[in-house]
Ligand code: 13P
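Numbering (the working numbering), first residue to last: 29 to 277.
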């Protein structure tokens with residue numbers, strides 16, 4: 029079995045101004061440790077100063093979205109190659125907030141994921157059910173549909189990370205049971221293996237996201253098949269983010 033190095037990723041969402049963000053990035057960089065990969069994903073405009081703050085630290089830099097085209101007349105959008113050029117190695121795609129705020133569907137997420145790969149970026153593709161879907165017993169079906177629609181043919185365990193983020197757990201302080209997280213992660217790994225081969229299934233990092241914090245991180249990160257976290261609110265406080273990273277088994 030492949031040893032999957034845990035990835036602890038901070039999604040800063042639409043938070044922070046330059047001075048505080050540079051301080052946060054420096055504090056994260058100072059706490060980087062062996063045995064786990066750290067990634068921070070600031071708002072697009074803060075990518076250059078954060079890149080400078082992280083320089084030489086080993087902490088990776090990511091963006092929160094990209095366009096599906098490589099360039100051209102798309103006012104306000106950012107191409108994947110521009111992100112790579114600015115120092116990003118990763119991009120979060122298909123986050124439920126983009127799916128909700130911008131009407132992004134699986135087809136668009138798939139096109140963006142292809143664009144990210146073409147630019148040499150690792151795509152962190154987010155999937156997750158709503159509370160209504162969970163209550164209706166449709167969680168695994170929903171996840172299967174999102175994976176089926178959002179991942180292009182060229183997915184490998186090297187160019188893609190999956191983040192399981194139950195929509196109802198994001199920013200709410202609520203998390204699924206450990207058994208539920210284990211079930212969904214095993215389901216995702218099975219789908220990846222079925223579509224992209226056993227090697228991809230074995231090697232793919234699958235993160236949990238949704239109200240992960242220092243007090244629950246150890247239990248979530250210890251679940252078999254959970255290879256790290258995608259952290260929102262707690263990634264805005266260096267101490268909390270690093271405490272989560274330190275909880276990796
Ligand atoms: P919270 O950690 O704030 O719940 O956000 C999770 C998330 O959406 C990360 O992408």
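The beta-carbon is built from N, C-alpha and C at its ideal position, and this holds for glycine as well.
On a predicted model such as this, the values are computed, not experimentally measured, just so you know.
message = So residue 122 and residue 178 are supposed to be a Cβ contact under 8 Å. How far apart are they, rounded?
response = 5 Å
ask   = What three-state label does DSSP hand residue 147 in the structure shown?
value = coil
inquiry  = If distances are taken between C-alpha atoms only, which option among 183, 45, 82, 214 comes closest to residue 223?
reply    = 183
request  = List the endpoints of the continuous alpha helix (DSSP H) containing residue 74.
outcome  = No alpha helix (DSSP H) holds residue 74; DSSP gives it neither H nor E.
ask   = For residue 262, is the beta carbon positioned less than 7 Å from some heavy atom of ligand 1?
value = yes
query = In three-state terms, what does DSSP make of residue 137?
reply = DSSP places residue 137 in helix when its eight states are reduced to three.
message = Please list the terminal residues of the continuous alpha helix (DSSP H) segment that includes residue 244.
response = Taken as a continuous stretch (DSSP letters only), the alpha helix (DSSP H) holding residue 244 covers 242 to 249.
Residues of its chain near residue 142, where Cβ-Cβ distance is below 6 Å and the 5 sequence neighbours each way are ignored = 180
inquiry  = Is it the case that the region 232 to 249 contacts the region 194 to 201, given that we only count it when at least three CB pairs across the two stretches are under 8 Å?
reply    = Yes, they touch.
query = Taking all protein chains shown into account, do 16 or more other C-beta atoms lie within 10 angstroms of the C-beta of residue 174, making it buried, or fewer, making it exposed?
reply = buried
request  = Could you have a look at residue 202 and say whether DSSP puts it in helix, strand or coil?
outcome  = coil
request  = Determine the DSSP secondary structure at residue 106, reduced to helix, strand or coil.
outcome  = Here residue 106 sits in coil by DSSP.
query = Near residue 67, which residues of its chain fall below 6 Å by C-beta distance, leaving aside the five closest residues on each side in sequence?
reply = 37, 88, 90, 118
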